[in-house]
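Sequence order for the protein chains is R and G. Going by the UniProt record's numbering, the residue at position 35 of the first sequence is 35; the numbering climbs one at a time, nothing skipped. Going by the UniProt record's numbering, the residue at position 20 of the second sequence is 20; the numbering climbs one at a time, nothing skipped. Notes to accompany the following structure.
Protein chains: 2
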Amino acid sequence: MESENQRFMRSTQLLRSFWNVQKNLMRFVQKTAVENGLSVPQYSILMTIAPHKEMIQKSLGEKTFLPKSTLSQAVDGLVQAGWLNRQQVEGNRREMQLSLSEKGEIFIKTIQLQEDGVHQTFQSAVESLTERQCEELLKANLQIATYLEARATEQGEDTK
Amino acid sequence: MESENQRFMRSTQLLRSFWNVQKNLMRFVQKTAVENGLSVPQYSILMTIAPHKEMIQKSLGEKTFLPKSTLSQAVDGLVQAGWLNRQQVEGNRREMQLSLSEKGEIFIKTIQLQEDGVHQTFQSAVESLTERQCEELLKANLQIATYLEARATEQGEDTK
DNA sequence: AAAGAACTGTTCTATTTAGAACTATTTAGA
DNA sequence: TCTAAATAGTTCTAAATAGAACAGTTCTTT
Chain R
1 MESENQRFMR STQLLRSFWN VQKNLMRFVQ KTAVENGLSV PQYSILMTIA PHKEMIQKSL
61 GEKTFLPKST LSQAVDGLVQ AGWLNRQQVE GNRREMQLSL SEKGEIFIKT IQLQEDGVHQ
121 TFQSAVESLT ERQCEELLKA NLQIATYLEA RATEQGEDTK
Chain G
1 MESENQRFMR STQLLRSFWN VQKNLMRFVQ KTAVENGLSV PQYSILMTIA PHKEMIQKSL
61 GEKTFLPKST LSQAVDGLVQ AGWLNRQQVE GNRREMQLSL SEKGEIFIKT IQLQEDGVHQ
121 TFQSAVESLT ERQCEELLKA NLQIATYLEA RATEQGEDTK
């Protein structure tokens with residue numbers, strides 16, 4: 001049987017290790033974003049929409065957790081820059097359908113290939129991990145993220 | 001032998017999983033910070049200084065990666081709130097010695113014990129992991145963070 | 001089908017953040 | 001030892017961010 005204190009120390013240590021990865025990752029994200037003329041929210045939006053090609057703005061908000069004012073402005077910038085198309089959803093004039101333009105798709109691919117960008121750098125970082133380690137990591141991360149997400153929605157059932 | 005493309009997909013998947021943890025973690029960090037009247041940088045500073053009790057502002061900058069203007073202002077707020085003490089380093093009038101006040105130490109402990117704060121929530125999240133999983137996670141995170149940090153300093157040898 | 005509640009997104013404003021210029025001090029080197 | 005370069009931190013300013021109020025639309029209830 002392990003003491004409450006031990007459990008606390010272990011989780012603190014883990015939290016620190018995640019925080020550490022986070023800080024380092026954010027440095028690269030920030031740099032990659034700026035180098036491509038994007039804000040961090042904008043970068044985040046593009047990477048979120050990338051695998052789907054198109055999304056309702058609402059779901060984008062749910063995925064990215066960006067406050068809706070931030071989201072709205074960030075999207076606006078992306079539309080102006082020509083990376084995203086925006087139009088009202090057919091049959092629901094409240095919602096906004098966002099989709100990657102062709103230029104936008106190419107832009108994302110370019111970003112992902114940039115030497116010294118987040119993507120390439122992270123890929124190198126991950127290369128030192130074994131196949132098993134990767135799988136374990138994916139599993140653990142998913143487990144943690146899922147738990148946190150559940151806790152968050154369970155608490156903040158209120159407006160935002 | 002595995003294709004370049006497979007490696008890319010795997011790393012993308014991993015990057016997404018970290019980004020996912022990151023987003024969820026940040027929601028709680030943000031919330032915890034605000035509830036205690038702190039900005040995110042200020043929260044970050046307190047958590048960084050916590051295990052050492054005192055630090056030179058310079059090293060704080062190196063640990064947190066905060067731009068020095070942000071750091072300066074955040075520290076100033078913490079000093080004004082009475083959580084930190086600040087004085088010139090003995091024998092070097094450029095550097096600033098920062099240390100937790102007694103109030104500050106208590107404050108941090110309080111934060112860490114808050115139900116629904118990052119710390120307690122993360123602890124619950126981690127409870128579902130096995131002992132082995134924790135160790136693996138720590139190792140992998142350390143490996144990744146270390147790599148990223150090395151890459152960053154190797155590139156950005158310039159000023160900031 | 002009218003009234004009110006809920007929803008989606010935008011706009012407005014205040015706050016936070018961060019680059020750039022600056023001040024003060026220390027270190028290096030000629 | 002004098003000058004130039006480097007360092008540590010602060011201040012100033014512009015930009016990014018996010019809460020609050022808002023506008024328009026849809027859904028619910030009666």
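Where a beta carbon is used, it is the ideal one built from N, C-alpha and C, also for glycine. Only a predicted model underlies this, so the values are computations on that prediction, with no experimental measurement involved.
As a quick exercise: from the options, pick the residue whose alpha carbon is nearest that of residue i.
i      : options                           : result
G/E35  : G/R132, G/D116, G/A140 and G/L142 : G/D116
G/I45  : G/Q155, G/S99 and G/T146          : G/S99
R/T121 : G/Q6, G/N5, G/S3 and G/T12        : G/T12
G/L84  : G/V118, G/E62 and G/F107          : G/F107
G/L142 : R/I56, R/T32 and R/Q133           : R/Q133
G/N24  : R/T153, R/A145, R/Q73 and R/E154  : R/A145
G/D76  : G/S39, G/A140, G/A125 and G/K63   : G/S39
R/K58  : R/T32, R/V118 and R/M96           : R/M96
G/A81  : G/V21, G/G37, G/E149 and G/E135   : G/G37
R/N5   : G/Q123, G/E135, G/E149 and G/I56  : G/Q123
G/V79  : G/E105, G/S101, G/K68 and G/T70   : G/S101
R/P67  : G/R27, G/L66 and G/M55            : G/R27
How many Å lie between residue i and residue j at the Cα?
i      : j      : result
R/P51  : G/V29  : 28 Å
R/N92  : G/K109 : 49 Å
G/L137 : R/Q87  : 43 Å
G/R7   : G/W19  : 18 Å
G/R10  : R/E127 : 10 Å
G/K53  : R/V89  : 55 Å
R/S72  : R/K31  : 23 Å
G/A140 : R/I111 : 26 Å
G/T153 : R/L129 : 21 Å
R/R151 : G/K103 : 30 Å
R/T48  : R/T64  : 7 Å
G/Y147 : R/V21  : 10 Å
R/R16  : G/E149 : 15 Å
R/P41  : R/E62  : 13 Å
R/I56  : G/L113 : 39 Å
R/S3   : R/H119 : 41 Å
G/L60  : R/R94  : 47 Å
R/A74  : R/E105 : 17 Å
R/Q155 : G/A125 : 15 Å
R/S69  : G/L14  : 29 Å
G/D158 : R/A33  : Unreliable positioning characterises G/D158 in this predicted model, as indicated by a pLDDT of 43, which lies under 50. The coordinate reading is nonetheless provided below. Distance between the alpha carbons of G/D158 and R/A33: 19 Å.
G/E131 : R/E131 : 20 Å
R/E135 : G/Y43  : 32 Å
Which residues in chain R have a C-beta closer than 7 Å to the C-beta of residue i? List them in chain order.
i     : result
G/K53 : Per Cβ cutoff of 7 Å: no residues; G/K53 is ~16 Å from chain R at best.
G/F8  : Q123
Along chain G, in chain order, which residues have C-beta atoms closer than 9 Å to that of residue i?
i      : result
R/D76  : None at all; the shortest Cβ gap to chain G is about 21 Å.
R/T153 : Within 9 Å Cβ-Cβ: nothing; R/T153 doesn't reach chain G, min ~10 Å.
Name the chain R residues that come within less than 9 Å of residue i, Cβ to Cβ?
i      : result
G/V40  : Result: empty, since nearest Cβ-Cβ is about 11 Å, beyond 9 Å.
G/L129 : L14, A140, Q143 and I144
Under 7 Å Cβ-Cβ, which residues of chain G neighbour residue i?
i     : result
R/N65 : Checking the displayed sequence, the identity of residue 65 of chain R turns out to be Phe instead of Asn. Result: K23 and R27.
R/L14 : V126, C134, L137 and L138
R/S11 : F122, Q123 and V126
Please list the partners that residue i has in chain R, where partner means a Cβ-to-Cβ separation under 8 Å.
i     : result
G/S17 : L137, L138, N141, L142 and A145
G/S69 : Those within 8 Å of G/S69 in chain R number zero; the least Cβ separation is about 15 Å.
- prompt: What are the complete alpha helix (DSSP H) segments, minimum 4 residues, inside the UniProt domain "HTH marR-type" (11 to 146) of chain G?
  reply: The alpha helix (DSSP H) runs lying completely inside the UniProt domain "HTH marR-type" (11 to 146) of chain G and spanning 4 residues or more are 40 to 49, 57 to 64, 68 to 80, 102 to 113 and 118 to 127, given in chain order.
message: So if I threshold CB-CB distances at 9 Å, which residues from the region 19 to 36 of chain R count as touching chain G?
response: Listed by position along the chain: W19, N20, V21, Q22, K23, N24, L25, M26, R27, F28, V29 and K31.
task: Compile a chain-ordered list of the residues in the region 131 to 148 of chain G whose CB is closer than 7 Å to at least one CB of chain R.
output: Only Q133, C134, E136, L137, L138, A140, N141, L142, Q143, I144, A145, Y147 and L148 from the region 131 to 148 of chain G bring a Cβ to less than 7 Å from some Cβ of chain R.
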